[in-house]
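Per full-length UniProt numbering, residue 1 is the first one in the sequence shown, and the count goes up by one each step. Ideal placement from N, C-alpha and C gives every residue a C-beta, glycine not left out. The structure appears right after this line, and notes come after that.
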Amino acid sequence: MAPEVRRELSTLNRATADGVACHLVAAGMLLDDDPPAALRHARAARSRSTRITAVREAVGIAAYHCGDWAQALAELRAARRMGSKSALLPLIADCERGMGRPQRAIELAAGDEAAQLEGDEADELRIVVAGARADLGQLEQALTVLSTPAVDPDRTGSTVARLHYAHAETLVALGRESEAVEWFLRAAAADVDGVTDVEDRIAELGGSAALADEYDCLLLDLDGTVFRGGEPTVGAVETLAELPSRALFITNNSSRGADEVAAHLNRLGFTAAAEDVATSAQIAAHLLAEQLPAGSRVLVVGTESLAAEIAAAGLEPVRLASDEPAAVVQGSPPRPAGRSWPRRRWRSGRRHVDDHQRRQDTAVGTRPAARQRLDGGRVAGRDRRRTAGGRQTRSGAAHRGADPRRVLRAAGGR
């Protein structure tokens with residue numbers, strides 16, 4: 001339970017405080033799956049104490065989820081008068097919409113309190129105002145509200161996902177469906193918590209044609225996508241067998257050649273030849289071949305498969321630094337005891353290609369709409385270092401308007 005709620009409850013006697021706390025926690029836990037039950041718990045908490053701000057917030061938010069706009073509006077206004085620190089204005093404005101007063105919602109968004117909102121809270125209000133404009137038939141104005149200011153394209157979370165979703169739905173209403181698909185795709189990329197039905201909307205707008213039919217070639221990741229260890233991903237073999245497009249299997253594992261990868265795929269039930277596989281070793285070899293004269297020596301830090309790809313590209317693979325190579329190609333991270341020659345070669349100006357680098361962006365945070373991005377990737381310290389492989393991963397029914405879960409979960413400790 002949030003510290004500020006505990007402080008409020010400390011003004012009650014122990015038995016009453018415990019009862020109120022239990023009902024608040026239950027309301028927070030039930031909000032998504034059973035809003036009426038959440039509302040019953042919130043009302044039970046209110047019956048024990050009407051002077052606790054968090055209790056009035058909880059009743060208002062649960063009523064909002066139930067579509068009881070009048071009760072939600074009354075309780076949220078009461079909480080605000082009692083000094084609530086939560087950003088309740090988006091919910092209050094959306095209640096005005098729900099009661100058939102979209103113009104009032106727009107007026108609330110133009111006030112001083114709205115100007116103080118930042119980040120997700122400001123975007124929640126944008127969603128509500130855009131909905132109010134749409135209620136009035138002002139679709140172009142709604143689109144302007146959703147478009148200004150522009151959103152960071154790398155941002156994720158439930159709020160930005162719903163913002164993009166609202167943008168897409170407005171475009172659909174304007175008859176601009178091809179543009180809408182682009183915004184639905186942005187919503188899908190941002191929706192790491194699955195709060196929208198964006199995948200269904202994309203399928204609806206796509207009609208009967210399969211997405212794969214629009215492309216001549218599909219680039220497919222391997223471990224974790226088409227198979228997991230020694231087992232194919234459920235449905236992957238059958239799905240790929242039915243696709244008319246060519247499948248090109250991509251891997252950043254330089255330890256195996258294309259023929260070995262194809263053989264592994266065939267053992268799992270897929271149909272693949274060596275020419276259907278692209279490895280980071282192949283890409284690294286071609287990258288070096290474009291920059292070095294034919295026959296140049298390349299110091300290989302990796303498997304024989306990597307060395308074979310270097311040779312196939314018209315370069316001479318070597319294993320010793322004393323062979324004075326023109327470049328270094330690195331597969332798996334080198335760990336020779338007592339040696340630091342790859343670093344010396346790099347620092348001395350030799351071209352260095354890392355065909356196994358990975359970069360990972362992980363989303364963390366205490367709530368979906370407030371995530372931090374931690375870059376766990378390695379950053380090359382010299383411009384001469386290039387990467388030929390690697391991957392980037394990111395940690396995927398929309399609410400009517402503002403997202404009330406953030407406030408109630410803070411109160412209920414979820």
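Residues of the same chain with a CB within less than 6 Å of the CB of Glu309, apart from the 5 flanking positions on each side, are Ala281, Gln282 and Ala285 in chain order. One Cα belongs to Asp112, the other to Leu89, and the distance between them is close to 11 Å. At least 8 Å separates the beta-carbon of His65 from that of Ala44. Per DSSP, the unbroken alpha helix (DSSP H) holding Leu139 starts and ends at Leu139 to Ser147. With fewer than 16 other Cβ atoms from the protein chains shown falling within 10 Å of its own Cβ, Val234 counts as exposed. When rounded, the separation of the alpha-carbon atoms in Leu143 and Leu171 is 8 Å. For Gly67, the closest of Ala78, Ile106, Leu91 and Val300 by C-alpha to C-alpha distance is Leu91. Beta bridge pairing from DSSP links Leu268 with no other residue.
With a minimum length of 3 residues, the unbroken runs of beta strand (DSSP E) contained wholly in the region 177-251 fall at 217-221 and 246-251. Comparing C-alpha distances from Thr159 to each of Val261, Ile127, Pro149 and Val301 shows the shortest one belongs to Ile127.
Inter-residue distance for Glu324 and Glu316 is about 12 Å (C-alpha atoms, whole angstroms). Where Thr279 is concerned, the enclosing beta strand (DSSP E) starts and stops at Val277 to Thr279. Taking a cut-off of 8 Å on C-beta distances, the region 73-85 touches the region 48-63, as three or more cross pairs fall below it.
The residues Phe249, Ala262, Leu265 and Asn266, in chain order, have a CB closer than 7 Å to that of Ala272 in the same chain once the five nearest residues on each side in sequence are set aside.
Annotated three-state conformation of Pro317 is strand, per DSSP. Nearest C-alpha to Ala37 among Ile61, Pro149 and Asp18: Ile61. With 16 or more neighbouring CB atoms inside 10 Å of its own CB, Cys95 falls in the buried class. Using a 10 angstroms sphere on the CB of Ser305, the tally of other CB atoms reaches 16 or more, which defines it as buried. Rounded to whole angstroms, the separation of the alpha carbons of Arg40 and Asp34 is 10 Å. Exclusion of the five residues before and after Ser49 leaves Leu12, Thr16, Val20 and Val55 as the residues of its chain whose Cβ lies within less than 7 Å of its Cβ. Measuring C-alpha to C-alpha distances from Ala173 to each of Glu140, Val25, Arg256 and Leu219 identifies Glu140 as the nearest. Gly206 has its alpha-carbon roughly 32 Å from the corresponding atom of Ala122. The alpha-carbon separation between Ala321 and Ala307 amounts to approximately 15 Å. Rounded to the nearest angstrom, the gap between the Cα atoms of Ala289 and Pro232 is 35 Å. By the neighbour-count criterion, in which a residue is buried when 16 or more other Cβ atoms sit within 10 angstroms of its Cβ, Ala27 is buried. Shortest Cα-Cα distance from Val129 to any of Leu9, Arg201, Asn253 and Ala93 involves Ala93. With contacts defined as CB atoms closer than 8 Å, Ala190 and His164 qualify as a contacting pair. Per DSSP, reduced to three states, the secondary structure at Gln330 is strand. Following the DSSP letters along the chain, one finds Leu9 inside the alpha helix (DSSP H) bounded by residues Pro3 to Leu9. In this model, Ala63 and Asp152 are separated by some 33 Å (Cα to Cα).
Residues Ser245, Arg246 and Leu248 of the same chain have their beta carbon placed closer than 7 Å to that of Cys217, with the five preceding and five following residues left out of the count. Burial check for Ser10: the Cβ neighbour count within 10 Å stays below 16, so the residue is exposed.
Counting the other CB atoms within 10 Å of its CB gives Leu287 a total of 16 or more, which places it among the buried residues.
Rounded to the nearest whole angstrom, the CA to CA distance from Arg46 to Ala241 is 59 Å. In this structure, Val301 lies near Gln330, with their beta-carbon atoms less than 8 Å apart.
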